[in-house]
Amino acid sequence: AQKITQTQPGMFVQEKEAVTLDCTYDTSDPSYGLFWYKQPSSGEMIFLIYQGSYDQQNATEGRYSLNFQKARKSANLVISASQLGDSAMYFCAMRELQKGGANSKLTFGKGITLSVRP
Amino acid sequence: DSGVTQTPKHLITATGQRVTLRCSPRSGDLSVYWYQQSLDQGLQFLIQYYNGEERAKGNILERFSAQQFPDLHSELNLSSLELGDSALYFCASSTRRDNEQFFGPGTRLTVL
Numbered sequence: 240a241q242k243i244t245q246t247q248p249g250m251f252v253q254e255k256e257a258v259t260l261d262c263t264y265d266t267s268d269p270s271y272g273l274f275w276y277k278q279p280s281s282g283e284m285i286f287l288i289y290q291g292s293y294d295q296q297n298a299t300e301g302r303y304s305l306n307f308q309k310a311r312k313s314a315n316l317v318i319s320a321s322q323l324g325d326s327a328m329y330f331c332a333m334r335e336l337q338k339g340g341a342n343s344k345l346t347f348g349k350g351i352t353l354s355v356r357p
Numbered sequence: 009d010s011g012v013t014q015t016p017k018h019l020i021t022a023t024g025q026r027v028t029l030r031c032s033p034r035s036g037d038l039s040v041y042w043y044q045q046s047l048d049q050g051l052q053f054l055i056q057y058y059n060g061e062e063r064a065k066g067n068i069l070e071r072f073s074a075q076q077f078p079d080l081h082s083e084l085n086l087s088s089l090e091l092g093d094s095a096l097y098f099c100a101s102s103t104r105r106d107n108e109q110f111f112g113p114g115t116r117l118t119v120l
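The listed protein sequences derive, respectively, from chains A and B. Here the working numbering is used: position 37 in the first sequence is 276, and no number is missing along the way. Here the working numbering is used: position 87 in the second sequence is 95, and no number is missing along the way.
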């Protein structure tokens, strides 16, 4: 079963406007983490933001915020004041705890392409 | 710069050959993860090492193997290469707290 779902087609946003990138997830673990990564055309994976399943408040990192709705199993990324450099592929990922609480692999969604228009 | 280094950046080779990809994690990180990114499969987890021991395996082919050395660097060995192995291979590392996985710049493998 698909654990991370990103179904939006390519997204477009006008420079300086806000944009929301959708992500839904599926897990039966009570403890998990949700991540967003940015992958520009150069190929590197850049960590943006993290939300733990027990975190009471939505995570924020500069212009990035995560709209975490636990009951709906969604973790949407909000980018405020879009910049031309935000044009990239964005991946949502989930980490579930392995047995013994060890560090765990990430499961990624298929990604969303964001294009920022001047 | 994430602090994770990967070499080489690009690798072009022929079918049937064997290659080794190298990764050095961030200073102090004990966990190393290998991921494969291809057009058809997306980003997939291959294997994880923690302080020299294999911790988890994902969709890693039997032709592929990895190890983590005492100095914590890791190598991913790909053998009997096929055209379909062409992909971007990422290494990532994390702290024990694991709130972030830091990715290296990747190695782009092209099999001709």
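Cβ coordinates follow ideal geometry from the N, Cα and C atoms, glycine included. On a predicted model such as this, the values are computed, not experimentally measured, just so you know.
Nearest CA to the CA of residue i: which residue from the options?
| i | options | result |
| --- | --- | --- |
| G36(B) | V12(B), V27(B), Q25(B), Q49(B) | V12(B) |
| L260(A) | E335(A), S292(A), L287(A) | L287(A) |
| L96(B) | S39(B), F53(B), T23(B) | F53(B) |
| L117(B) | I20(B), Y58(B), Q14(B), N59(B) | I20(B) |
| T263(A) | P357(A), V355(A), M333(A), T352(A) | M333(A) |
| T351(A) | V40(B), R26(B), L51(B), H18(B) | Per the sequence presented here, residue 351(A) reads as Ile, with Thr not at that position. Of the candidates V40(B), R26(B), L51(B), H18(B), the one whose C-alpha sits nearest the C-alpha of I351(A) is L51(B). |
| F98(B) | S10(B), Q14(B), R71(B) | Q14(B) |
| W275(A) | Q253(A), F307(A), F251(A), V252(A) | F307(A) |
| S321(A) | S281(A), G301(A), A314(A), P248(A) | G301(A) |
| Y329(A) | K349(A), E254(A), Q253(A), T299(A) | K349(A) |
| V317(A) | A310(A), C331(A), K309(A) | C331(A) |
| A327(A) | K312(A), Y303(A), Q278(A), S313(A) | Q278(A) |
| S102(B) | D93(B), L38(B), P113(B) | L38(B) |
| K242(A) | L273(A), S281(A), P357(A) | L273(A) |
| L323(A) | S280(A), S343(A), T299(A) | S280(A) |
| S319(A) | Y303(A), G249(A), R311(A), K312(A) | Y303(A) |
| V40(B) | A100(B), V119(B), L120(B) | A100(B) |
Measure how close the beta-carbons of residue i and residue j come, nearest whole angstrom, since I'm counting them as under 8 Å.
| i | j | result |
| --- | --- | --- |
| P33(B) | T115(B) | In fact, because the Cβ distance is near 15 Å, the residues do not count as touching under 8 Å. |
| L305(A) | D325(A) | With a Cβ gap of about 16 Å, L305(A) and D325(A) do not count as contacting. |
| G112(B) | S10(B) | 7 Å |
So, are the CB atoms of residue i and residue j less than 8 Å apart?
| i | j | result |
| --- | --- | --- |
| T244(A) | E335(A) | no |
| Q109(B) | L345(A) | yes |
| L69(B) | T23(B) | no |
| P78(B) | G60(B) | yes |
| S88(B) | R71(B) | yes |
| E254(A) | V355(A) | yes |
| Y58(B) | A74(B) | no |
Chain D partners of residue i, CB-CB under 8 Å?
| i | result |
| --- | --- |
| L117(B) | Absent from the structure is chain D; the protein chains it does hold are A and B. |
### Task
Run through the region 278-354 of chain A for me and flag every whole beta strand (DSSP E) of 3 or more residues, listed as ranges in chain order.
285-291, 303-308, 313-318, 327-335, 345-347
### Query
Unbroken beta strand (DSSP E) runs of length 3 or more, entirely within the region 35-89 of chain B: which are they?
39-46, 50-58, 61-65, 72-76, 82-86
### Query
Are the region 75-83 of chain B and the region 23-31 of chain B touching by the rule of at least three beta carbon pairs closer than 8 Å?
yes
### Message
Measuring CB atoms only, is the region 287-301 of chain A touching the region 268-277 of chain A, in the sense that at least three cross pairs come out at less than 8 Å?
### Response
yes
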